[in-house]
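Comments concern the structure below.
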Amino acid sequence: MLRLFPFSHFNTRSLLVTALPLSASLSSPNTVRSMSSSSSTATMHSPPVAKKVEHKMEMFGDVRVDNYYWLRDDSRTNPEVLSYLQQENAYTDSVMSGTKQFEDQLFKEIRGRIKEDDISAPYRKGPYYYYTRNLEGKEYVQHCRRLIPNYNRTPCSVHDTMPTGPDDPPEHVILDENVKAQEHGFYSIQAFRVSPNHKLVAYAEDTKGDEIYSVHVIDAETGAPVGKPLTSVTSDVEWANDDTLVYITMDEILRPDKVWLHKLGADQSSDICLYHEKDDTFSIGLQKSESQKFLFVGSESKITSFIFFIDASKPKDGLKVLTPRVVGIDTRASHRGNHFFIIKRSEEFFNSELLACPVDDVSVTTVLIPHRERIKIQDTRLFANHLAVYERENGLPKVTVYRLPAVDEPLTTLEDGRAIDFIDPVYTVDPARSEFNSSILRFSYSSLRTPDSVYDYDMNTGTSVVKKIETVLGGFDASEYFTERKWATASDGTQVPMSIVYRKNLVNLDGSDPLLLYGYGSYEVCIDPWFKASRLSILDRGFIFAIAHIRGGGEMGRQWYENGKCLKKKNTFTDFIACAEYLIEQRYCSKEKLCIEGRSAGGLLMGSVLNMRPDLFKVAFAGVPFVDTLTTMLDPTIPLTTSEWEEWGDPRKEEFYHYMKSYSPVDNVKAQNYPHILVTAGLHDPRVMYSEPAKFVAKLRETKTDNNILLLKCEFGAGHSSKSGRFEKLQEQAFIYAFILKALDMIPELSSSL
1 MLRLFPFSHF NTRSLLVTAL PLSASLSSPN TVRSMSSSSS TATMHSPPVA
51 KKVEHKMEMF GDVRVDNYYW LRDDSRTNPE VLSYLQQENA YTDSVMSGTK
101 QFEDQLFKEI RGRIKEDDIS APYRKGPYYY YTRNLEGKEY VQHCRRLIPN
151 YNRTPCSVHD TMPTGPDDPP EHVILDENVK AQEHGFYSIQ AFRVSPNHKL
201 VAYAEDTKGD EIYSVHVIDA ETGAPVGKPL TSVTSDVEWA NDDTLVYITM
251 DEILRPDKVW LHKLGADQSS DICLYHEKDD TFSIGLQKSE SQKFLFVGSE
301 SKITSFIFFI DASKPKDGLK VLTPRVVGID TRASHRGNHF FIIKRSEEFF
351 NSELLACPVD DVSVTTVLIP HRERIKIQDT RLFANHLAVY ERENGLPKVT
401 VYRLPAVDEP LTTLEDGRAI DFIDPVYTVD PARSEFNSSI LRFSYSSLRT
451 PDSVYDYDMN TGTSVVKKIE TVLGGFDASE YFTERKWATA SDGTQVPMSI
501 VYRKNLVNLD GSDPLLLYGY GSYEVCIDPW FKASRLSILD RGFIFAIAHI
551 RGGGEMGRQW YENGKCLKKK NTFTDFIACA EYLIEQRYCS KEKLCIEGRS
601 AGGLLMGSVL NMRPDLFKVA FAGVPFVDTL TTMLDPTIPL TTSEWEEWGD
651 PRKEEFYHYM KSYSPVDNVK AQNYPHILVT AGLHDPRVMY SEPAKFVAKL
701 RETKTDNNIL LLKCEFGAGH SSKSGRFEKL QEQAFIYAFI LKALDMIPEL
751 SSSL
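Residue 492 in UniProt numbering sits at position 492 of the sequence shown, with consecutive numbering throughout.
Right, here's the structure in full:
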């Protein structure tokens, strides 16, 4: 995962913005609140003071002293550490107690925009429509399906609608997550795979938040378990055929390193290991081709990836090499007919080219789409007769559709493609599940003012039909909001794009408006402008919301990423500062009204810019922040460290050591004034250990010279993405907004108390 989540399960510290009721233990919120209410106000408004235990670390003649190193407890059971985190939570509850009424009102408002009883856009797979259903008042989804009437005589169409009348095939609930979640404080399913014959389902379940999964197989009709679950695995699992699964396990630092073949009914201990990746800078990933004919096993580092393929009809034949292991070459694969299609990136062709090669001779390749310096190939979706290519140009996603020659004809070139038009100036578009043997491309679309929408696009006619639009209750009208793209000039002259939204009738654009600026800028992740219904609660209070598409992300192509990593990482931070300064200069806001937000690797961004320019911001939220960068990257026993030396640099080398030390947030806390700051952590977070944000807060408390609010909120029953229930996540969002509004003194008088 990243400190995010591309091909492999666990190869990045990422945002999981999507980013767990606590058990009845000392970590329970009820316990924490009772601690708050039973303590005196004076006591509870005195922040916890972490004890100092000197821990010296020396390298290249440089000595660092970490007085809070003791807060790291890999077992998460040390009573002294847990007690300190509970004290921080109690202090947070106490400081925010005066705004609890407002926070609850805000949560009710946010929840009130949701249509609680709803279904996803059904998708066709074989003889069924598959979809998920939300029930009123329930935290989790049901996984459902219905038979397609006259399936063999009902071809896919953009006008296809799932019939739900009394005489139509009934809905069948395959799995109800609400029932499963009753036994757990945290519950998450990250894979739900239907067998080729539609009789079985394999799903990957996490009940702790640590992203160590169990894979369960059930009968799709009865729900009865089939065999014993596969334990201590990743969420990468695929059916090879009706009775065989392929899955991945991890090593002791949670690096996906082995691929396994499992025959239903066999004991896991007898499974066949298909491949073991021994290089600890590489991680394994798994996916099935759209054609369902092959499985692809990829081994990837941050600069190199190579691929094996498995014939799904003959999985015991094992892995065959599709693309070789060559340092600096990155490949991804798909399949159709007699050919594999390969997206290939290299130093020379940094924005990738699209190749095809015969299945029976993978050494012979044909260039279908050449490399272009200004257009990056992001992804593809293959169909029996079409190819959809997802690209990026000038910071925006685009989709181009091509008709392919018949399978038995030579594949040497592509006809001119047809681009799909989108209406907003800034937006996001992502692939959605589509039926391979059809001409219907499904994609999701949203913008800062357009709710998430699912479209079916007929690749033969160019007809596009909306299949589902996220319902936003409470009188939402997209026309009341304005969205735009602006460009800030970085310190080296680079133009940095920003996406901006606000409610037209509530902002003055004279410097008096509050503004929330979001940033990430790592792992080549594209933070495209997406809709979030809960964000309306600040937009409708006069906020401007902006996203800084800073270097280190992938929004402007591969070079944008390369110029914000390793020894160029500081460009990420200075780009964000340049965006903040632009927004102030152009009177979108002032320093007194500028709030900032970042999570995970975006939390590193928060920590760094707070140390560099604390005067520029009024409020900061750092979610599960990767702030003890140098110490973590020096320790290969911590998950993600070895696989991320190619992202941040290897500080065991002197040049990288000193460069990383110069921005690592914990190492650069200074005796200076800081803004109001809220920091969150997850006790079971495998991507950013809870001790990083805890140490950052402890050192800030010791060092900073202001009296501004500094809070740490640690979820004892959560991992990297915080709580698992949909309403629990909204409650957390209400808490964050309440903190920001409190710091800006924007909470109504009746509910306000500092």
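C-beta: ideal position from N, C-alpha, C; glycine also.
> Quick one: what does DSSP say aspartate 575 is sitting in, helix, strand or coil?
Replying inline: helix
> At what residue ranges does the region 478 to 508 contain a whole run of the beta strand (DSSP E), taking only runs of 3 or more?
Replying inline: The region 478 to 508 contains these whole beta strand (DSSP E) runs: 481 to 489, 495 to 503.
> Looking only at its own chain, which residues have a Cβ that is under 6 Å from the Cβ of isoleucine 638, when we skip the five neighbours before and after it?
Replying inline: Thr632
>> Classify glutamine 733: buried if its beta carbon has 16 or more other beta carbons within 10 angstroms, exposed otherwise.
In response: buried
> In whole angstroms, what separates the C-alpha of leucine 22 from that of aspartate 243?
Replying inline: In this prediction, leucine 22 scores a pLDDT of 26, lower than 50, which makes its location untrustworthy; the coordinate-derived value is nonetheless stated afterwards. Whole-angstrom Cα-Cα distance: 38 Å.
> Comparing alpha-carbon positions, which option in Ala743, Lys723, Pro686 lies nearest serine 75?
Replying inline: Minimum Cα distance to serine 75 is reached at Pro686.
> Which value, in whole angstroms, describes the spacing of the CA atoms of tyrosine 128 and leucine 200?
Replying inline: 13 Å
>> What would DSSP say about aspartate 118, mapped onto helix, strand or coil?
In response: strand
> From glutamate 647 to proline 170, what distance separates their C-alpha atoms?
Replying inline: 50 Å
>> Which complete beta strand (DSSP E) runs does the region 254 to 296 hold, if anything under 3 residues is left out?
In response: Correct list: 256 to 263, 272 to 276, 283 to 288.
> How big is the Cα-Cα spacing for aspartate 279 and threonine 642?
Replying inline: 9 Å
>> Excluding the 5 residues flanking serine 464 on each side, which residues of the same chain have their C-beta closer than 8 Å to its C-beta?
In response: Val158, Ile420, Tyr455, Asp456, Tyr457, Asp458
>> So the candidates are Val297, Leu711, Asp317, Lys302; which of them puts its Cα closest to the Cα of phenylalanine 308?
In response: Val297
> Over what stretch of residues does the alpha helix (DSSP H) that includes valine 179 continue unbroken?
Replying inline: 177 to 181
> Looking at C-beta atoms only, is the number of pairs between the region 528 to 548 and the region 426 to 440 that lie closer than 8 Å three or more?
Replying inline: In this structure the region 528 to 548 lies against the region 426 to 440, because at least three pairs of beta carbons, one per stretch, are closer than 8 Å.
> Of all the options Phe383, Val496, Leu396, Ser447, which has the alpha carbon lying nearest to the alpha carbon of asparagine 460?
Replying inline: Phe383
> Given leucine 147, which residues of its chain have a CB within under 7 Å of its CB, disregarding the five upstream and five downstream residues?
Replying inline: Pro127, Tyr128, Pro169
> If we ignore side chains and look at the alpha-carbon of each, how far apart do proline 356 and serine 438 end up?
Replying inline: What sits at residue 356 in the sequence shown is alanine, not proline. Cα to Cα, alanine 356 sits roughly 21 Å from serine 438.
> In whole angstroms, what separates the C-alpha of serine 39 from that of leucine 712?
Replying inline: With a pLDDT of 32 at serine 39, under the threshold of 50, the modelled position of that residue is not reliable, and the figure given next carries that caveat. Cα to Cα, serine 39 sits roughly 19 Å from leucine 712.
> Who are phenylalanine 622's beta bridge partners in DSSP?
Replying inline: Checking the sequence shown, residue 622 turns out to be alanine, not phenylalanine. Paired residues: Gly598, Val679.
> Which term fits threonine 18, buried or exposed, when burial requires 16 or more other beta carbons within 10 angstroms of its beta carbon?
Replying inline: Confidence in threonine 18 is poor, its pLDDT being 34 and thus under 50, which makes the residue's placement too unreliable to answer from.
> Which of helix, strand or coil does DSSP assign to phenylalanine 735?
Replying inline: helix
> At which residues does the beta strand (DSSP E) containing histidine 339 begin and terminate?
Replying inline: 339 to 345
> Curious, which full-length alpha helix (DSSP H) runs of at least 4 residues does the region 153 to 211 contain?
Replying inline: Look at the region 153 to 211 and you find these whole runs of alpha helix (DSSP H), each 4 residues long or longer: 177 to 181.
>> Can you tell me which residues form a DSSP beta bridge with arginine 442?
In response: Beta bridge pairing from DSSP links arginine 442 with Asp456.
> If you draw a straight line from the C-alpha of leucine 106 to the C-alpha of serine 537, how long is it?
Replying inline: 8 Å
> Counting pairs of beta carbons, one from the region 111 to 118 and one from the region 131 to 139, are three or more of them closer than 8 Å?
Replying inline: yes
> Rounded C-beta distance between arginine 503 and valine 49? I'm assuming under 8 Å.
Replying inline: Actually they are not in contact, since the Cβ atoms of arginine 503 and valine 49 sit about 43 Å apart, beyond 8 Å.
> Buried or exposed: where does glycine 475 fall if 16 or more other Cβ atoms within 10 Å of its Cβ makes it buried?
Replying inline: exposed
>> Could you pull the DSSP bridge partners for threonine 331 from this structure?
In response: Lys344
>> Could you compute how far the alpha carbon of cysteine 589 sits from the alpha carbon of tyrosine 140?
In response: Approximately 39 Å between the Cα atoms of the pair.
> Going by Cα to Cα distance, which pick from Ser270, Ile469, Gly337, Val179 is closest to aspartate 408?
Replying inline: Gly337
>> Would leucine 630 and aspartate 667 qualify as a contact pair, given that the criterion is a beta-carbon distance under 9 Å?
In response: yes
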